[in-house]
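Chains as they are written, first to last, in the numbering used here: chain A, 1 to 408; chain B, 1 to 408.
Below is one structure, written out as structure tokens, with a few remarks after it.
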């Protein structure tokens, strides 16, 4: 007897057959005595189809009207899923973002959630209905349709779970949980039963595509227990919570994440003076280019090297932006490298343990892998290496930190 | 300087290219100084695609959820059309049925319009915007999405025109107006500049597919001048109004309509007693079979023949329903004929003129066409004939009543 919010992504509802399977699963959960709210995405391919229609008319579509068009994708899914539930004798009712008063600000195509009215949903649950809500979409104070941006359905589910004070928010996807590393790279990778919000945030932002970052932040902020499950297989999945085990025997490292879609830009011989970092990165961020790692070392002779990474697809834009403003950095030399990879160790355990970094560096050195950049946070160490070593580094670190072993 | 409501059907917005053409036309109307509200249907094929998705899950889809699914069709069109207008520098804003508060009752899939809030639209028009509204859909008092049934976009447009007291409601379609008869059958058929609501109603209900009947009723009730125009070509189209010309020289007959999709059922030797008509038709209408013409002649020997017509697709259902209840009609003989056609003369002029019927019967007789059934109303005479004569009858009557001549 619990209140569960389940979210099914586009692949899970990608065909009539899959929608039937989702209905089967939801009906079973309901029959077991739970209150169930389901959040769904558009059928896979649908959002792309709608986007193509829009861009074929207007290459940069008007944001308000784009939201009107895109939000139809989830609306179709909620109706179809309700039909599949009702056919099974499971009372169900659908809500669009507007109908459930999923209130957001007015930033079309990437709106922020402000408030969710829960009265209608609670009334339906009390009447024994499964409630099916369109993910990804909301409504602003003037009644305009808004969307939360790609992947926003995860955030919709978590926000609904928070508003309803649900016992758990389950994200059903095409993987059966969060792994210690990418199983396609590290065959020994192990599914984690549990991971903290902070760790998951680092994993997510480092390229583990299981969950959308905003949804993890949201779940952490409102302390919504989040579970990642396979929508195709049975299993416990991975639970993401605050329950930090204080046992010192816990694993130091929860997982290893790798990211290949970055490129690195280095400005050599930059004047080592106040404001130079801003002078370099200001114009870059003005062009809406997101910067990830930033490394600046102590300078000598009044000059220093300044390195940062950007998304690989933004490299050309960033380079020409810098070339144009070369005087900013005192005619320094600008070089770039787009065959890099970032490998990161993540774990709340590393807070209380020294030696993780040195073990990491030694492991990579033993394999002959040169480290180009290092960046650390409280629960993460990231290194940038030559892209060709990414699988090797991943496997070596997985072994070195014994991630294939279930911690005692 | 007028307030014009334009409605574009599915074919007119059936592709990105056609949506661009519609935008062109709307922008021109706006630039000429008019206030313009546009009502659009789903892109052609889209409603069928959505219906197939729904019925593949639930052969008789849940009506509330079906409306949720189907209403997305028009929602995509309004967004795309607004983009095409905005691209042309023509300010535009889209509204779904819910957003414009197109209030209906809760009869899902065939809701009736109750009230339309016009404040938002008026504010947008005052701001110089073209307003684009999703046809076919509304919202009930509880915020549930409803649809008006197939072809409901015409009705949406007329209702909006009535609410806004528009100067004209223009229905843009794939024909360039209302004709004296079907031009594919009668090459001499002539486009009418003007026709009355009543005549149009009879024409529409008799199979002239230019306009949906409900929209004509609505336009008549609220006296909304309605104009049928081609969305592909220029032209004045046909204006439908109350302006009845009292000139006695006016045309007696406005048009000829033919309908082929009916079948006739005859019960011979029915007891000529009170209540027998109800006993026969009661069970038929209980099965939701619509009955069109009903003819019963004076009986002899306490027995009579009872004939009625139903949609051809309902014939088998109606026949087996009657066979099961054969005792109702005193074991009379039941026969049916599904190769019939109904040909009708329509015209407000016939009210004040005798002799129309006899001229019609003589014309058919001269061509050797036997009349099987006759039914009349104030402004219409319908006859049922063998289907194979339908084109011949149509052309002969068109000639006999001089419909190819513009009236003086």
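Each residue gets a CB set at the ideal place from its N, CA and C atoms; glycine is no exception.
If you draw a straight line from the Cα of residue 356/A to the Cα of residue 364/A, it comes to about 12 Å.
In the DSSP assignment, residue 78/A falls within the alpha helix (DSSP H) that extends over 72 to 87. For the pair residue 7/A and residue 153/A, the CB atoms are nearer than the 7 Å cut-off. Of all residues in the region 75 to 101 of chain B, only 75, 76, 78, 79, 80, 82, 83, 84, 86, 87, 94, 98 and 99 place a beta-carbon less than 7 Å from a beta-carbon of chain A. With contacts defined by Cβ atoms closer than 7 Å, residue 194/B and residue 239/B form a contacting pair. Straight-line measurement puts the Cα of residue 5/A at about 13 Å from the Cα of residue 129/A.
Proximity to residue 263/A across 387/A, 121/A and 12/A peaks at 387/A, based on C-alpha coordinates. Secondary structure within the region 199 to 273 of chain A: the alpha helix (DSSP H) runs of 4 or more consecutive residues, fully enclosed, are 213 to 221 (chain order).
Residue environment for residue 75/B: buried (at least 16 other C-beta atoms within 10 angstroms of its C-beta).
Around the beta-carbon of residue 313/B, fewer than 16 other beta-carbon atoms lie within 10 Å, marking it exposed. Setting aside the 5 residues that flank it on each side, residue 309/B is surrounded in the same chain by 262, 264, 292 and 293, each with a C-beta closer than 6 Å to its C-beta; the list follows chain order.
The region 183 to 190 of chain B and the region 390 to 399 of chain B touch, with three or more beta-carbon pairs separated by less than 8 Å. For residue 399/A, the uninterrupted alpha helix (DSSP H) segment begins and ends at 390 to 400. Ranked by how close their Cα comes to the Cα of residue 161/A, the residues 275/A, 375/A and 118/A have 118/A in first place. With the rule of 3 Cβ pairs closer than 8 Å, the region 131 to 142 of chain B counts as touching the region 38 to 47 of chain B. For the region 35 to 63 of chain B, the beta-carbon criterion of a distance under 8 Å to any beta-carbon of chain A is satisfied by 50, 53, 54, 56, 57, 58, 61 and 62.
Rounded to the nearest angstrom, the gap between the Cα atoms of residue 343/B and residue 147/A is 54 Å. Not flagged as an interface residue toward chain A: residue 269/B, since no C-beta distance is shorter than 7 Å. By the neighbour-count criterion, in which 16 or more other beta carbons inside 10 Å mark a residue as buried, residue 55/A falls on the exposed side. Residue-level contact check: residue 237/B does not touch chain A, since none of the beta carbons of chain A fall below 7 Å from its beta carbon. Taking a C-beta distance under 7 Å as the contact criterion, residue 347/B and residue 254/B qualify as a contact pair.
The beta-carbon of residue 131/A is placed no less than 7 Å from the nearest beta-carbon of chain B.
Relative to the Cα of residue 381/A, the nearest Cα in the group 406/A, 367/A, 351/A and 390/A belongs to 351/A. For residue 95/B, the pairing in a beta bridge is given by DSSP as 133/B.
Chain-ordered, the chain B residues with CB closer than 7 Å to the CB of residue 69/A read 76, 79 and 80. Contact of residue 16/A with chain B by beta-carbon distance below 7 Å involves 53, 56 and 57. At a cut-off of 7 Å between C-beta atoms, residue 109/B does not count as an interface residue with respect to chain A.
For residue 326/B, the number of other beta carbons within 10 angstroms of its own is below 16, and it is reported as exposed.
Residue 309/A sits in a strand when the DSSP states are folded into three classes. With 16 or more other CB atoms across the displayed protein chains lying within 10 angstroms of its CB, residue 93/A is buried.
Remark: fewer than three beta-carbon pairs, one from each stretch, lie closer than 8 Å, so the region 274 to 286 of chain B and the region 215 to 226 of chain B are not flagged as touching.
Shown here for residue 177/B: same chain residues with a beta carbon closer than 6 Å to its own, the five before and five after excluded, namely 191, 228, 237 and 238 in chain order.
In terms of Cα proximity to residue 259/B, the closest of 390/B, 378/B, 287/B and 369/B is 390/B.
The DSSP assignment places 356 to 366 as complete runs of the alpha helix (DSSP H) inside the region 347 to 380 of chain A, in order along the chain (cut-off: 4 residues). Relative to residue 27/B, the option among 171/B, 84/B and 80/B whose CA is nearest is 84/B. Taking a Cβ-Cβ cut-off of 7 Å, residue 324/B has no neighbours in chain A, whose nearest Cβ is about 30 Å from it.
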